[in-house]
Structure formats: structure tokens, C-alpha cells
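Read the structure below first, then the notes.
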Amino acid sequence: MDLLQFLLDKNNIFIVAVTVVSGVMLAIPALRKGRTGSAVSTTEAIQMVNQRQAVWVDVRPAEQFQAGHIAQARSVPAADLEQKAASLPKNKPLVVVCDNGRDSARAAAKLRAQGFADVVPLDGGMRAWLAASLPVTQKG
1 MDLLQFLLDK NNIFIVAVTV VSGVMLAIPA LRKGRTGSAV STTEAIQMVN QRQAVWVDVR
61 PAEQFQAGHI AQARSVPAAD LEQKAASLPK NKPLVVVCDN GRDSARAAAK LRAQGFADVV
121 PLDGGMRAWL AASLPVTQKG
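What the sequence shown shows, in UniProt numbering, is residues 1 to 140, in sequence order.
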């Protein structure tokens, strides 16, 4: 009962308000990360490719892919994902890339539903990749 009295005391309302606001602000990044399916940064994605032989899966439309993409990325447009998913390796991690990170989060969820265990979207997509001044290619 003492805690309840403390919380309801009008002299302590500021402390209670600061505590609640702080808790909400701490929870927001965790909630966002959960919603995007544990998206990885460009640095984390590169480490996955270099250390764990992860495969880049670019779900942007073919025209955007041809205009510039991450080297070694496989073009699997989101519209064709269900049909072309069988061509992707299930025994390797997949890093899914789109323009801004939203479509890749949805695509990663679809791939997980099809039995791909280790799938992560690239946080920020190609925009984040380009903002980090990382290389793109127009080959293959």
C-alpha cells in the first residue's frame, strides 16, 4: 500500500511521469527492431557475408536492380518471391535488400514462412548502403 500511496501522491507525480516517459523511450527501439524482423546494419550484413557466406537477395524490381546493386546479389523481385524462393539456398543465411528496408522486412517474413531459417532484412535497404558510400555494380 505504501507504493500506491507514493505513486498517487501529488508531490511525486513528476517522478512518476519521468519514469513512464523514460520507459516508453527505451522501449521504442526494441519495438521497431521487432517489427522489422531484426534488421541488420550494413556493417553487420557485410560481416554475415564475409564470415558466414550469407547470400544477398535483392527484392527490388528488375529495373532498379539493373541500375545498380550490391555485388553478388541475386535478383528476386518481391512480386516473384514465392515462385523463385526455391532457387535460394536454405543452408546459408540470407540478407534481403530493397530500396528502403520496408519491402525487405516483408520479404524476409515470407521467406521464413517458406522454411528459410536465417533471414534478415538490411536496415535502410539500398538507401542505407549508398549513404554509407558502399560500392554497387551493374554487372550480372
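Ideal Cβ placement from N, Cα and C applies to all residues, glycine included.
Quiz item: At which residues does the beta strand (DSSP E) containing Val49 begin and terminate?
Solution: Against the sequence shown, residue 49 aligns to sequence position 49. Here Val49 belongs to no beta strand (DSSP E); instead the alpha helix (DSSP H) covers Thr42 to Arg52.
For Ile15, does the count of other Cβ atoms within 10 angstroms reach 16, so buried, or fall short, so exposed?
The sequence position of residue 15 within the sequence shown is 15, counting from 1. Exposed: under 16 other Cβ atoms inside 10 Å.
> Can you tell me where the alpha helix (DSSP H) with Asp103 in it begins and where it stops?
Replying inline: What you label residue 103 is simply residue 103 of the sequence shown in a count that begins at 1. It spans Arg102 to Ala113 - the alpha helix (DSSP H) in which Asp103 sits, taken as one unbroken run.
Notebook entry, point to check: For the 8 Å Cβ check, are there 3 or more pairs between the region 88–107 and the region 116–135?
Noted result: yes
TODO: Flag this pair as yes or no: are the beta carbons of Val97 and Val57 separated by less than 8 Å?
DONE: By 1-based counting over the sequence shown, the position of residue 97 is 97. By 1-based counting over the sequence shown, the position of residue 57 is 57. In contact: Val97 and Val57 (Cβ atoms closer than 8 Å).
Beta-carbon proximity list for Ala131, same chain, < 8 Å, skipping 5 on both sides: Indexing the sequence shown from 1 puts residue 131 at position 131. The residues are Gly124.
Would you call the region 59–68 in contact with the region 22–29, where contact means no fewer than 3 C-beta pairs closer than 8 Å? no
message = Rounded to the nearest angstrom, what separates Leu88 and Phe65 at their Cα positions?
response = On the sequence shown, residue 88 is found 88 positions in, with the first residue counted as 1. On the sequence shown, residue 65 is found 65 positions in, with the first residue counted as 1. Roughly 17 Å between the two C-alpha positions.
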